[in-house]
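A.B. asks: In terms of numbering that gives the first Met the number 0, the sequence shown has 2 at position 3, counting the first letter as 1, and numbering is strictly consecutive. Here a beta-carbon is modelled for each residue, glycine too, at the ideal position from N, C-alpha and C.
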Amino acid sequence: MKDLVKLLFLWVVALQLYIDFSTDHGSILQQVIKASQEFGYFQVINHGISEELLEDTVSVCREFFDMPAEEKASYCSVDQNSKCRVYTRTNNYSNEDTHYWRDTSTHYCHPLEDYLPFWPAKPARYREVVSAYTVETKKLITKISDVIISEGLGFEKEYLGGELSKVQKLSVNYYPPCMSRPKFGTWNA
Numbered sequence: 000m001k002d003l004v005k006l007l008f009l010w011v012v013a014l015q016l017y018i019d020f021s022t023d024h025g026s027i028l029q030q031v032i033k034a035s036q037e038f039g040y041f042q043v044i045n046h047g048i049s050e051e052l053l054e055d056t057v058s059v060c061r062e063f064f065d066m067p068a069e070e071k072a073s074y075c076s077v078d079q080n081s082k083c084r085v086y087t088r089t090n091n092y093s094n095e096d097t098h099y100w101r102d103t104s105t106h107y108c109h110p111l112e113d114y115l116p117f118w119p120a121k122p123a124r125y126r127e128v129v130s131a132y133t134v135e136t137k138k139l140i141t142k143i144s145d146v147i148i149s150e151g152l153g154f155e156k157e158y159l160g161g162e163l164s165k166v167q168k169l170s171v172n173y174y175p176p177c178m179s180r181p182k183f184g185t186w187n188a
């Protein structure tokens with residue numbers, strides 16, 4: 000798996016699909032325009048969100064998914080408009096030959112003070128860590144959409160701001176191990 004990740008990273012670097020936010024504004028703008036025109040997407044590097052915060056966020060999200068099902072049950076919902084929800088997705092389990100199994104936790108993040116009370120209270124540090132993460136990602140999203148992309152499209156700065164950048168939602172996917180994986184060589188016809 001690590002080899003695949005390295006290969007994908009090298010592919011992204013070779014095609015220059017990354018945007019280095021440690022460079023000057025004009026250079027960032029040109030990188031975004033080029034990547035958007037040629038490929039339609041890009042990866043941001045040197046974005047300013049600390050490695051420690053990224054690792055803490057991944058860690059606390061993993062802790063959440065590792066909790067017993069009973070502790071997560073109160074957040075389970077089929078209501079897509081729920082302010083915070085946890086759900087399991089396999090598109091059509093009973094009719095699938097191969098299952099695409101994932102657990103997802105999703106909740107609104109901005110404005111933080113409106114949504115924080117609806118977030119999971121456990122693990123104990125979830126709200127603290129994830130709120131710090133969402134504040135930093137909101138700054139990055141604002142920089143990308145309100146400044147870089149607006150300017151790159153020839154609009155005034157903050158053109159894409161306002162209504163488009165008011166909503167921020169975090170969605171975390173967890174891919175649990177297969178629950179009933181046959182041992183090698185025991186597949187039934």
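Could you tell me the alpha carbon to alpha carbon distance between Ser104 and Gln30, rounded to whole angstroms?
C.D. replies: Cα to Cα, the separation comes out at about 33 Å.
A.B. asks: With a cut-off of 8 Å on the beta carbons, I'd call Asp102 and Tyr173 a contact; round off their distance for me.
C.D. replies: Right, their Cβ atoms sit about 5 Å apart.
A.B. asks: Only counting runs of 3 or more residues, tell me where the beta strand (DSSP E) segments fall wholly within the stretch 12 to 45, in order along the chain.
C.D. replies: Entirely contained in the stretch 12 to 45, the beta strand (DSSP E) runs reaching 3 residues are, in chain order, 17 to 19, 42 to 44.
A.B. asks: Can you tell me whether Leu169 is buried or exposed? The criterion is at least 16 other CB atoms within 10 Å of its CB, across all chains shown.
C.D. replies: Classification of Leu169: buried, given that the 10 Å Cβ count is 16 or more.
A.B. asks: Secondary structure at Leu159, three-state DSSP: helix, strand or coil?
C.D. replies: Coil, per DSSP.
A.B. asks: From this set, Tyr158, Lys138, Glu157, Glu150, which residue's C-alpha is nearest Gln48's C-alpha?
C.D. replies: Reading off the sequence, residue 48 comes out as Ile, not Gln. Of the candidates Tyr158, Lys138, Glu157, Glu150, the one whose C-alpha sits nearest the C-alpha of Ile48 is Lys138.
A.B. asks: At which residue ranges does the stretch 122 to 161 contain complete alpha helix (DSSP H) runs of 4 or more residues, listed in the order of the chain?
C.D. replies: For the stretch 122 to 161, whole alpha helix (DSSP H) runs of length 4 or above, ordered along the chain, are 125 to 141.
A.B. asks: Exposed or buried, which one is Ile18 when buried takes at least 16 other CB atoms within 10 Å?
C.D. replies: So Ile18 counts as buried.
A.B. asks: Whole angstroms are fine: how far does the CA of Val128 sit from the CA of Glu51?
C.D. replies: Straight-line Cα distance between these residues: approximately 11 Å.
A.B. asks: Count the other CB atoms, across all protein chains shown, that sit within 10 Å of the CB of Leu159; report buried if there are 16 or more and exposed otherwise.
C.D. replies: So Leu159 counts as buried.
A.B. asks: Compute the Euclidean distance between the alpha carbons of Cys108 and Ser26, then round it to the nearest angstrom.
C.D. replies: In a straight line, the C-alpha of Cys108 is about 31 Å away from that of Ser26.
A.B. asks: Should Tyr132 and Phe63 be called a contact, given that it needs their Cβ atoms to be closer than 8 Å?
C.D. replies: Result no, Cβ atoms of Tyr132 and Phe63 do not sit closer than 8 Å.
A.B. asks: So the candidates are Ala123, Ile143, Thr136, Lys165; which of them puts its Cα closest to the Cα of Val59?
C.D. replies: Minimum Cα distance to Val59 is reached at Ala123.
A.B. asks: Quick one: what's got a C-beta closer than 6 Å to Glu135's C-beta in the same chain, skipping five residues either side?
C.D. replies: Contacts found: Ile48.
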